[in-house]
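The sequence shown begins at 14 in the numbering used here and counts up one residue at a time.
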Amino acid sequence: MSSVFGKQVSRRRFVQGSALTVAAISLSLSPLAAKAKRNEVATAPRGKTGRRETLAACPYCGVGCGTILHIEDGKIVGVAPDPKHPTNKGLQCIKGLTANEPMYVDRLTDVLVRKDVWAEWKKPGHGDLEYVSRTKGSFDDDVWVKVPYHDASEMVSHKLAHLYKKYGGNSIGLYGSGQLTMEGQYLETKFMKAVLESNTQEANARMCMTSAVTGYIETLGSDTPPLCYDDIEKADFIVHFAHNARESHPIVFWRAADHKKATDIPTMVVDPRYTGTAQAYERINPANSVHAAIEPGGDISFLNAIAHVILTEHEDVVAYDFLKKHVTGWENYIAGIKARYSPEQTREATGFEPAFVRKVARMYADATRKGNARGEGGVVTIWGIGYNQSIHGQHRVISLINLHLLTGNIGRPGAGPFSMTGQPNAMGERFTGGLTDRLPFNVPASDTRMQSHLAKVWNVPVQRLQKSASSLNPGYAVGMMERALKGEVKAMFFIYATHVDLPEVKTLVRPAMEKSFIVVQEIYRHAPNNLYGDVVFPAATWGEVGGTYINSERRIYVTDGGGTPPHPNCLPDMDIVIDKGKEICHLIGLPAEKIFPYRRRADGTYDPEEIFREICMASKGSDADLSGILEVEKETGKSPYEQLRELRGILWPAPTAEIAKKGGYARRYMGQEEGWKDRPYGMFRTQDGKAHMKLCEQDYSKRAAILPALAKCGVDPDFFLIDNMSLLEFARDNALTPEYPDKEYAKLPLEQVPNDKYPLWLSLGVVYEHFHTAKTVRSPTTRKLVPENYIEMHPEDAKVYGIKDGEWIRVRTRRGSFEAKVVIGNKSKVKPGRNLVPRGLIFGPWNLSVADSADPKKNKWLVNEATHRAFDPVSGQAAFKHSAARIEKLPRA
Ligand SMILES: Nc1nc2c(c(=O)[nH]1)N[C@H]1C(S)=C(S)[C@@H](COP(=O)(O)OP(=O)(O)OC[C@H]3O[C@@H](n4cnc5c(=O)[nH]c(N)nc54)[C@H](O)[C@@H]3O)O[C@H]1N2
Ligand SMILES: Nc1nc2c(c(=O)[nH]1)N[C@H]1C(S)=C(S)[C@@H](COP(=O)(O)OP(=O)(O)OC[C@H]3O[C@@H](n4cnc5c(=O)[nH]c(N)nc54)[C@H](O)[C@@H]3O)O[C@H]1N2
Ligand code: SF4
Ligand SMILES: [Mo]
């Protein structure tokens, strides 16, 4: 792939080249891929070799590619794209195609308990039930004892039941995952909110998507991307905000690039970096491809300025009729935009010349006119997670949706605001209520109707859900760590999520984990969570366990586990949660068998499809109604998973049999859910049925007022953001970032920069070849392609600093530092050398954080030592893109 990526490939051949390369890889990986191309998928064993094929969703990004697993004697020997799957149509990227490789290295097969924790438990009366290990920070063999699963599980349940009784369930936290199956996530919510009465339930989705979640809810009333991938091919203008789609969501990018190539539509990439995404569009047609190289953090001003030009120069595309009928808040919005957001007024924040903003606004208006004329198409804005990861993330999302509402680019095919999901099932996490203050089926935990309904379905007194809903977890994921550091959170589960994904690993997260009782579910022996785990349970993983995922377009799809876990100790994550749930129910006097009424199968595991049926049943009547799937089962005898396989996924909601048979709803709002007679809302999902506009402001003039206080994070150990939420609100309301570089020092040689100055923007994100930090770095193919931590730097900056391509440097912020190899330009000898950064900004992947070694004594690439814990006060999302940094040369060559 890398030979195609970022190198000189003709415009014409680029898209074809990408596709052909992928097909070639898939064929070379597995001879059966050719078979798959002929649309034959057998799920039964094939021949004497015990070789068979099963269907699966890719375990990595939120595109949600359909794959076919080739399994031989219990081992997954190849992964091939599913040609029948409507998402990827027979294509996949290198990560998905090699997803089997990391299943067979460094696997954890023993249940591990820290020796001192086990010794304490073995004391008469079980000793101190609040004992936390003194050996944390190391995963050396000699600090552990191997314990039978049920003994370790019993100990954990006793300790948690003790904490529940003494401090209340809210003292127990959980950090879950958008990579876990929906069935597992749903059970976590039942376990945390109904059994433990805890609201301290968080997930890595908090670092990823929640600004999109709260932005959608605030404007449209529901956490729902209202469009689907097919709208890409109907759009007249595709815009990406903080989205390096070519690396992060390659199949979606390839679909958009194919569409551009076929129809010559204009595109815009709004990103401070000249990314591979922006470069590739330009290779297709430079005349209608815009790269808006925005000043970091200036997006709200840019969007407002586009609105200003539309209002003043293209008023014909302002959708006044639609606004009057279906939208509130637009008058105030328009008045504020006209008063404060002309291209001239926003020049400093965006870094753009007014003529450039006018050009872009004209493109937006022209596409809107085309869409209006056809009754289909217009503008599709896709935003990445770089966009959500901001202290004013929710306001960024609202501003983007404002522009769609203003111009009526919503509620019809081929137009709309499209939030890409990061992880394969981050939407499942949201759908099943896997976050603080949320319940399953897209409602807040305070929703009394859903509380009563779920209490009945789950066989728990409604008071338990009331209790968890009224318990507080201020600051969400970061807040959970601050509360743990203060001693309010006493225990935390880590399930399929690593703590190194959080900001301030060294100054916040690890100190918090040292103080708490940590229960880890993991697949790798040398995963960073094990360093701080008191107990570690080995899990079976993707390809070995069954269940469903929801991708970015709301498509629920099934993964059929077919591989054999490396050891009988490795249980599905879902099963470990059920076991804990039942044990704790017994200890605190709840009817375990009624709350978790699931039968074990012959092999001792639980059947995820049984949980999926419960989810469909419980969702009836909600915004996320899936009960049509059960009606189809009644009518036809086809099980829910069979339906998902046959249709290659169903887009939620699917409230009736007829709709479920059609594959669910591709689009939402403005009556697009045809045939849903009991639709529980009007044109939008808000109480009044209208979309809500709100002008979000950006004002840098006040930033000096709060920056000194925010600079205390990670430096002053007594400073907690959960006690200073008004600071975050102020920063949010003025669309600030947690810190700003001391730019006046950016063009000076390193030795002339005073020690307390941080002249550069530091931005951290993803690289194409790796998915997060655990699997692709263990996969030989992808590890070889990008083996080392790197940092992109502008050639002029490098010259001033006396740094050469390929040299190692240390990047330092006020809170911590990491090492990386410098990449200069597209011709760098460091792989991959794909994106170009502007002067004054350095960018690195977070994916290689523990690829050198997770052991703190050796680990030098841990980027989240340097990041800032500040988060959006409503969405809870941290600002991984906006730190201020300085650099130091290292002696290594
Ligand atoms: N290869 C690969 N793909 C992945 C993942 C992975 O680990 N590897 N992870 C998945 C997950 S969970 C996620 S969340 C997504 C992430 O996917 P993306 O959001 O596309 O990726 P990022 O690299 O985090 O950030 C996107 C861009 O935001 C830009 N940016 C930074 N600051 C600003 C700003 O102020 N304004 C604007 N407009 N742009 C800015 C950055 O320069 C960067 O190019 O990828 C998913 N897909
Ligand atoms: N600096 C910086 N930090 C970031 C980001 C960024 O852009 N910059 N992005 C953020 C975003 S968008 C996200 S989504 C998060 C993602 O963060 P995470 O999703 O937490 O990252 P992973 O590296 O995938 O960690 C998954 C963990 O689960 C383990 N695991 C793998 N398979 C299984 C399994 O089947 N069962 C169990 N129990 N465990 C398993 C892995 O070994 C690993 O330890 O990171 C966030 N952190
Ligand atoms: S990582 Fe994303 S784009 Fe690549 S194969 Fe998997 S789902 Fe598809
Ligand atoms: Mo993410």
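In this text, a Cβ means the ideal position worked out from N, Cα and C, and glycines have one as well. Computed from a predicted model, the values in this text were never measured in an experiment.
The Cβ atoms of GLY488 and LYS206 lie no closer than 9 Å to each other.
With 5 Å as the limit, the residues whose C-beta approaches a heavy atom of ligand 3 more closely than that are CYS71, TYR73, CYS74, VAL76, CYS78, GLN105, CYS106, LYS108, GLY109, PRO263 and ILE264, in chain order. The beta-bridge partner set that DSSP reports for PRO94 consists of THR80.
Per DSSP, the beta bridge partners of MET505 are GLY186 and ILE531.
For GLU805, DSSP records a beta bridge to VAL836 and PHE856.
Note: ALA374 is not bridge-paired with any residue in the DSSP secondary-structure output.
Runs of alpha helix (DSSP H) with 4 or more residues, each lying fully within the region 288-349, are found at 289-297, 312-326 and 333-339, listed in chain order. Cα atoms of ARG425 and ARG681: separation of roughly 9 Å, rounded to the nearest angstrom.
Assignment of MET222 by DSSP, reduced to helix, strand and coil, places it in the coil class.
The C-beta distance from LEU544 to PRO115 rounds to 20 Å, too long to meet the 8 Å contact threshold.
For CYS629, the CB contacts under 7 Å within the same chain, skipping 5 residues up- and downstream, are LEU639, SER640, ILE642, LEU643 and PRO653 in chain order. With fewer than 16 other Cβ atoms inside 10 Å of its own Cβ, GLU344 counts as exposed.
Distance from the Cα of TYR570 is smallest, within the candidate group THR100, PRO585 and ARG360, for THR100. Here the alpha carbon of LYS595 sits roughly 29 Å from the alpha carbon of LYS149.
Between the C-alpha atoms of GLU752 and PHE550 there is a straight-line separation of about 39 Å. LYS760 carries a coil assignment under DSSP once its states are collapsed to helix, strand and coil. If you compare the alpha carbons of PRO693, VAL92 and HIS98 with that of ARG661, the shortest gap goes to HIS98. DSSP assignment within the region 405-478 yields the following whole alpha helix (DSSP H) runs of 4 residues or more, N-terminal first: 406-419, 439-444 and 461-471. For LEU324, the shortest separation between its Cβ and any heavy atom of ligand 2 does not lie below 8 Å. Straight through space, the alpha carbons of VAL169 and VAL548 are spaced by roughly 8 Å.
Under the three-state reduction of DSSP, PHE609 is assigned to coil, being neither helix nor strand. When DSSP states are grouped into helix, strand and coil, ALA867 belongs to the coil group. For SER739, the closest C-alpha among the options ALA722, ASP729, GLN685 and PRO754 is that of ALA722. For ILE597, there is no enclosing beta strand (DSSP E); the residue is part of the alpha helix (DSSP H) that begins and ends at 586-601. The set of residues with CB atoms less than 6 Å from any heavy atom of ligand 4 reads, in chain order, CYS221, ILE398, GLY435 and GLN436. Contact between GLY829 and THR520 is confirmed by a C-beta separation of about 7 Å, below the 8 Å threshold.
Here SER776 carries a strand assignment [DSSP, helix/strand/coil].
About 6 Å separates the CB atoms of VAL824 and ILE804; that is less than 8 Å, so the two are in contact.
Within 8 Å of the C-beta of PHE884 there is not a single heavy atom belonging to ligand 2. Here THR67 is near GLY575, since their CB atoms are less than 9 Å apart. Within the same chain, GLU114 come within 7 Å of PRO793 by CB-CB distance, once the 5 residues on both sides are set aside.
Taking the Cα positions, ASP86 is about 59 Å away from GLY364. Annotation: THR111 is outside any beta strand (DSSP E) and is labelled neither H nor E by DSSP. Distance from VAL835 to GLY815 at the Cβ level is roughly 11 Å; contact not present, criterion being Cβ atoms closer than 8 Å. In the DSSP assignment, SER830 is bridged to ARG825. Going by DSSP, VAL130 is part of the alpha helix (DSSP H) stretching over 128-134.
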